[in-house]
Every structure is written in C-alpha cells, then in structure tokens.
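**Student:**
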Amino acid sequence: MMLSCKETSRLLSQGEDRQLGFGERIALRVHLAICDGCRNASAQFRFLRLAVKNLSKDESEAA
Amino acid sequence: MPADFRAQVESLRPYLLRYATLQLRNPEAAEDAVQEALVAALAGEPNFAGRSNLRTWLTGILKHKIVDTIRRQSRERPATTNADATTEEFDALFDDSGHWSEPPGPWEQPEGALAQKQFLAALEQCLRALPERTAQAFMMREHLGFETSEICKELGITSTHLWVMLYRARMALRQCLEMNWFAK
Numbered sequence: 181m182m183l184s185c186k187e188t189s190r191l192l193s194q195g196e197d198r199q200l201g202f203g204e205r206i207a208l209r210v211h212l213a214i215c216d217g218c219r220n221a222s223a224q225f226r227f228l229r230l231a232v233k234n235l236s237k238d239e240s241e242a243a
Numbered sequence: 006m007p008a009d010f011r012a013q014v015e016s017l018r019p020y021l022l023r024y025a026t027l028q029l030r031n032p033e034a035a036e037d038a039v040q041e042a043l044v045a046a047l048a049g050e051p052n053f054a055g056r057s058n059l060r061t062w063l064t065g066i067l068k069h070k071i072v073d074t075i076r077r078q079s080r081e082r083p084a085t086t087n088a089d090a091t092t093e094e095f096d097a098l099f100d101d102s103g104h105w106s107e108p109p110g111p112w113e114q115p116e117g118a119l120a121q122k123q124f125l126a127a128l129e130q131c132l133r134a135l136p137e138r139t140a141q142a143f144m145m146r147e148h149l150g151f152e153t154s155e156i157c158k159e160l161g162i163t164s165t166h167l168w169v170m171l172y173r174a175r176m177a178l179r180q181c182l183e184m185n186w187f188a189k
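First to last, the sequence lines map onto chains A and B. Take any residue in the first sequence, note its place counting from 1, add 180, and you have its number in the numbering used here. Take any residue in the second sequence, note its place counting from 1, add 5, and you have its number in the numbering used here.
Here it is as structure tokens:
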C-alpha cells in the first residue's frame, strides 16, 4: 500500500492516539523514508504534544 | 487560616483564570471552575503543607474542576456527529494526488522555543483560534493526558470522530505556529 501525504498525515496523528496496525506502521515507515515534508510534520506533531503538555509549568520548571 | 495563604492563592487567580479559559472558552464557565478550585484549595490548605509549588498544586485542583465542567457541558449539549465534514478545510493543503501543496519545512530549534514566554503566548493564541470542541478534546488528550476512550465517554463521541477532531487540531496548530512563530 502506497500512502499519499494526506493519508500519512492522518495516520501520523492517529498514531498519537491509538495503536496502529502492523500494515499501517510499515506503510508509514516506507512513506516517511522518502518524504521530507511528512517527516517534518511528524516531528512537529510530537513537538506539539510536548509543548502543550508543558503549558501550565512554571518557567522555573520548564525544560 | 493564615491571611497570607489566602492572599497567595488569590494572587494566582489571574493565571488560573487564563488557564481555565484556554480549555473551557466560556468566560463564565472558567470563572466558576476557578472559584470552585479556590474554595477547595482554601478548605484543603493542610494538604498543601510541605509542598513547594502553590501554583502547581492549585493547577492540579483546577484540572479536576475543568474536567467536571466539560463533563457537565457535554451532557447538556451533546456533540454533533458530522465528523467527516470537518477535515475539508485541509484539502487545500494537498493537491489532487494527496501530496502537500507546500510540504512542511523543518522547524529550527523547537525545544529552545519551549523556554520562551513569547512562544507560549503564541501557542496559547493558536489554541484560542481552534473551534471550542476541538480545543477541548485536544487539551484533554495532550494537556490533561486522558486516554482516547475516556475522552469519547466524557464528550459522548465515537473514536472516529475524536481522531478527526485531534487531526484537525494538530494540523491547525502546526500551521498556526509555523506562520506565527517558526517562519518569522
């Protein structure tokens, strides 16, 4: 299965919220290996999670 | 109860109100949640003894009040279920074959941004731009740390609907931060 970037971005998001299936993980890996845009989006989704988690931290506690 | 404890708690009210409003949107609902949290905090002062950070402690109490409020709101006005319509706004980001029209570029030093007050302000601004329900679901997931099954139960929505909302939130926030912070 070849994923489009659109499908990849959806799966990247869902991967933060549910356990992806084996086929989905393989398809994601194949796509990410050849697509800079989706690799960047993936890193940015993960960064968002970290940033939002830290929202209420004191400056003194912030990483 | 010592007056200075009350004063310290009171001095954090503006921060708590901003925090609650970010998640609840509705100013009155946020005000009520903060008020309930402060009452609970003042009654529970002995529990605070020995803890170092009053703000963290109060935020913890407020989180429970926020979730109570969201739960109540969802019971009063159940979510609509036309989840499919909600990702159409991102179709313009992709061409007909599903490739990015403008592929996301790398962000320089994102971890460094986390320590900056201006970045947090930009992030809050972007969160405020999300639709209310989307923002609530996203904050429950990423800030309050709920499992998706719990969020579905509290909001009365299906997991498919929730995934669409969370996708929508992440794509919108990614785009917003890129424009308002990383591309500057």
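For each residue, glycine too, the CB sits at the ideal point set by N, CA and C.
(1) Quick check: the Cα distance between A88 of chain B and M170 of chain B, rounded to an integer number of angstroms?
(2) Between the C-alpha atoms of Q28 of chain B and G203 of chain A, what's the straight-line distance to the nearest angstrom?
(3) Which residue comes first and which comes last in the alpha helix (DSSP H) that contains L128 of chain B?
(4) Does any residue of chain A have a CB that is nearer than 8 Å to the CB of H166 of chain B?
(5) State the start and end residues of the unbroken alpha helix (DSSP H) segment that holds I162 of chain B.
(6) Should S102 of chain B be labelled buried (16 or more other beta-carbon atoms within 10 Å of its own) or exposed?
(7) Could you compute how far the alpha carbon of A243 of chain A sits from the alpha carbon of D197 of chain A?
(8) Under a CB-based cut-off of 8 Å, is V232 of chain A close to chain B?
(9) Exposed or buried, what is E81 of chain B when buried is set at 16 or more other beta-carbons lying within 10 Å of its beta-carbon?
(10) In terms of residue numbering, what span does the alpha helix (DSSP H) encompassing D37 of chain B cover?
(11) When the Cα atoms are used, what is the spatial distance from L191 of chain A to H104 of chain B?
(12) To the nearest angstrom, how far is it from the Cα of L182 of chain B to the Cα of I162 of chain B?
(13) Residues in the region 214-228 of chain A with C-beta within 7 Å of chain B's C-beta atoms, listed in sequence order?
(14) Please list the partners that R190 of chain A has in chain B, where partner means a Cβ-to-Cβ separation under 7 Å.
(15) Kindly indicate the opening and closing residues of the alpha helix (DSSP H) around A12 of chain B.
(16) Could you tell me whether any Cβ in chain C is nearer than 8 Å to the Cβ of R30 of chain B?
(17) Just to make sure I have the definition right: I need the residues of chain A whose C-beta is within less than 8 Å of the C-beta of P19 of chain B. Which are they?
(18) Would you call the CB atoms of L22 of chain B and A42 of chain B closer than 8 Å?
(19) Using a 10 Å radius around the Cβ and a threshold of 16 neighbouring Cβ atoms, would you call R209 of chain A buried or exposed?
**Tutor:** Reading off the structure:
(1) Its pLDDT being 48, under 50, A88 of chain B is placed unreliably by the model, and nothing is read from it.
(2) Our two residues, Q28 of chain B and G203 of chain A, have alpha carbons roughly 36 Å apart in a direct line.
(3) Counting along the chain, the alpha helix (DSSP H) containing L128 of chain B begins and ends at 122-133.
(4) Output row for H166 of chain B: interface = no.
(5) Here I162 of chain B belongs to no alpha helix (DSSP H), and DSSP marks it neither H nor E.
(6) By the C-beta density criterion, S102 of chain B is exposed, having fewer than 16 other C-beta atoms within 10 angstroms.
(7) Model confidence at A243 of chain A stands at a pLDDT of 36, short of 50, so the residue's coordinates are unreliable and nothing is read from them.
(8) So yes, V232 of chain A belongs to the interface.
(9) Under the 10 Å beta carbon count, E81 of chain B is surrounded by fewer than 16 other beta carbons and is classified as exposed.
(10) Run containing D37 of chain B: 32-48, per the alpha helix (DSSP H) assignment.
(11) Going by the C-alpha atoms only, they are around 14 Å apart.
(12) Roughly 28 Å between the two C-alpha positions.
(13) For the region 214-228 of chain A, which is checked against every Cβ of chain B, the residues closer than 7 Å are D216, G217, N220, A221, Q224, F225, F227, L228.
(14) Under the 7 Å cutoff, chain B gives Y172.
(15) Per DSSP, A12 of chain B belongs to the alpha helix (DSSP H) from 8-16.
(16) The displayed structure is made up of protein chains A and B, and chain C is not among them.
(17) Result: empty, since nearest Cβ-Cβ is about 14 Å, beyond 8 Å.
(18) Against a cut-off of 8 Å, the Cβ pair of A42 of chain B and L22 of chain B comes out as no contact.
(19) It counts as exposed.
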